[in-house]
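Each residue of the sequence shown is one higher than the last, beginning at 1470 in the working numbering. Glycine is no exception: its CB is placed at the ideal position from the N, C-alpha and C atoms. Written out below as structure tokens is the structure these notes cover.
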Amino acid sequence: MKGRHFILPTVLAVALIGVAIWGYNQYTQKQQYHTYVDNLYQKSFYDLIGSVENIQTNLSKLMVASSPNQSMSTLSEIRRHSDNAETNLAQLPISHLALDNTQKYLNQLGDYCYFLARNTGEGRPISQEQRNNLLKLKKNAAALTTQLHQLEEDISAKGVKWGELRQKGRRKMEQTSEDIVDTRFKDIEQQMMEYPVLIYDGPFSEGIERMKAVGLTGPEISQEEAERRVREFVGRNFVGEIERLGEGEGKIKTWNFQVMPRNRGIAPYNVDISKKGGHIVWMISSHQPARSNMTIEEAVKRAQDFLKEKGYDNMVPTYKQHFDNIAVVNFAYQQDGVIIYPDHIKVNVSMDNGIILGFEAQSYLMAHRIRDNLKPKLTEEQAREFVDDGHNITSVRLAVIPTASMEERLCYEFKCTLEEDEFFIYINANTGKEEKILQLLRTTNGTLAI
């Protein structure tokens, strides 16, 4: 009987020690997790500052560039940095703020520079009106840089941690968010209202922004259903934690989430899913692969398999590039053998292990539908007569291309070579009109059409 009295306290003591150790380990892991998340947010913030600074610098260089090659190179750099800035802005825990103007500025800046690079490559130099637009965009970039540096100083002086902004129940978060981060980003958003109106042939031009999303199908979904679909899309076995971030009020209204992978070595994903129909609009992670273990062709195959897994059939790769061990693959929808360029999706693949790091389907959701009248009035042989005899035609296919007036044209896409240069020449399949010419630039990072 005495033995039993002795054993029971011992067992209880051991159990309490075990619980204490378990609790301490849980606390330690939680603290490590919060530190990890805070470091990721801090990296995104500083990368955002770096990208905006590079935008401002390159816009200044563009003002004095005299050769077409230098202008094209600088415009391409601005586009790349605007994409990076947009990605890093999306990674910050500020989804409760309406930053439509700031995001639109970065979208249109990159797209406008792509449009100008394409024109320059086709022998049309930057006009005075376009230079005036670029000067205004440079002033916006300078103002954005100043505001971000002021926010950087505020955060440093107040000892604010980005991770605290995720904890919506904390009083400290509410005060910090309202007094520092919210106020500064609201100032930025106000300034971004003053950037110039840009009318041009691009997916983020003012005309295209007025389009309706014809590719959205299905009923409205709840936030709970949206979370379930996000888990399915990212992968249930891949998802560790998921946080509801709020709502997006852009062209496509969305539910917004942040996904923490089970593998803590992979940076979080920000995912937007449409309220109507529950379609993934975009998904992005700022994860930086350390190395490259696959070819660009293998990465394209991985991206294509991913789209098929998610129900996107009849998508064919059109362009591919790779930067910093990440492959960026563009796909377009194919209907009855015709390439439908407006219905395009971009997929980012880690060339380290094949993990999907990015998915952008906004253009697809804005434009996708079954097209009528895909039968050309002109035969291929008739369309060939509108291509200069000096061009060596290497391939031909039918394609639907977008126009600046938000219309579409059925064209014969002639891939041609002239000496060492490669081009796509688009001949209207019904009228014979030359609708567009794109030059293919093959670089160490892949192929770019301008």
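Consult DSSP for residue i and reduce its assignment to one of helix, strand or coil.
i, result
"Y1810", "strand"
"P1871", "strand"
"N1897", "strand"
"K1655", "helix"
"A1534", "coil"
"M1642", "In this predicted model, M1642 has a pLDDT of only 39, less than 50, meaning its place in the structure is not dependable enough to derive any value."
"F1584", "helix"
"D1890", "strand"
"G1859", "coil"
Quick one: what's got a C-beta closer than 7 Å to residue i's C-beta in the same chain, skipping five residues either side?
i, result
"F1707", "P1730 and R1731"
"N1914", "Q1790, H1791 and F1792"
"E1610", "Just to set this straight, residue 1610 is Ala in the shown sequence, not Glu. Within the same chain, A1610 has close Cβ partners V1521, I1524, Q1525 and L1528."
"I1765", "K1789, H1791, A1796 and G1915"
"K1779", "F1702"
How far does the alpha helix (DSSP H) with residue i in it extend, from its first residue to its last?
i, result
"R1600", "Q1597 to K1627"
"T1556", "P1537 to Q1560"
"F1883", "No alpha helix (DSSP H) holds F1883; the beta strand (DSSP E) holding it covers E1877 to L1887."
"E1778", "I1765 to E1778"
By Cβ distance below 8 Å, which residues in the same chain neighbour residue i in space, the five residues on each side in sequence not counted?
i, result
"T1916", "Y1788, K1789, Q1790, L1909 and L1910"
"E1904", "I1870, T1872, R1878, C1880, Y1895, I1896 and N1897"
"Q1692", "R1713 and W1724"
"T1886", "H1860, N1861, T1863 and F1892"
"N1794", "Q1757, P1758, A1759, R1760, S1761, S1819, M1820 and D1821"
"I1906", "E1591, F1892, F1893, I1894 and Y1895"
"N1783", "Y1802, Q1803 and Q1804"
"Q1511", "W1631"
Excluding the 5 residues flanking residue i on each side, which residues of the same chain have their C-beta closer than 6 Å to its C-beta?
i, result
"Y1583", "R1548"
"D1741", "G1717, T1723, N1725, V1750 and W1751"
"F1883", "V1856, I1862, V1865 and I1894"
"W1544", "Reading the sequence as shown, one finds Leu at residue 1544 and not Trp. Correct list, in chain order: C1582, L1585 and A1586."
"D1516", "N1557"
"A1682", "I1721, L1834 and M1835"
"K1902", "none"
"P1537", "T1589"
"N1899", "K1846"
"E1546", "N1527"
"N1553", "S1520"
"Y1738", "V1728, M1752 and S1754"
Could you give the residue range of the beta strand (DSSP E) that holds residue i?
i, result
"R1925", "Residue numbering for the chain in the displayed model covers 1470 to 1919; residue 1925 lies beyond these limits and cannot be assessed."
"T1912", "E1903 to T1912"
Measure the beta-carbon distance from residue i to residue j and round it to whole angstroms, keeping in mind my assumption that it falls under 8 Å.
i, j, result
"D1812", "A1801", "6 Å"
"Q1803", "V1816", "Contact flag wrong, Cβ pair sits at about 16 Å."
"S1551", "L1575", "5 Å"
"V1728", "V1769", "Not confirmed; about 25 Å, so no contact."
"H1618", "I1518", "7 Å"
"I1657", "T1571", "6 Å"
"V1521", "L1613", "5 Å"
"F1930", "I1825", "Look at the range of the chain in this structure, 1470 to 1919, and you will see that residue 1930 is not part of it."
"I1735", "A1559", "Between A1559 and I1735 the Cβ distance is about 16 Å, and since that is not below 8 Å, they are no contact."
"L1685", "S1743", "6 Å"
"K1745", "E1689", "6 Å"
"L1531", "L1603", "6 Å"
Alpha helix (DSSP H) segments (min. 4 residues) lying fully within the stretch 1683–1761: Counting whole runs of 4 or more residues, the stretch 1683–1761 contains the alpha helix (DSSP H) stretches 1692–1703.
Just to confirm the assignment: which complete alpha helix (DSSP H) runs, minimum length 4, are found wholly within the stretch 1783–1850? Runs of the alpha helix (DSSP H) inside the stretch 1783–1850: 1831–1836.
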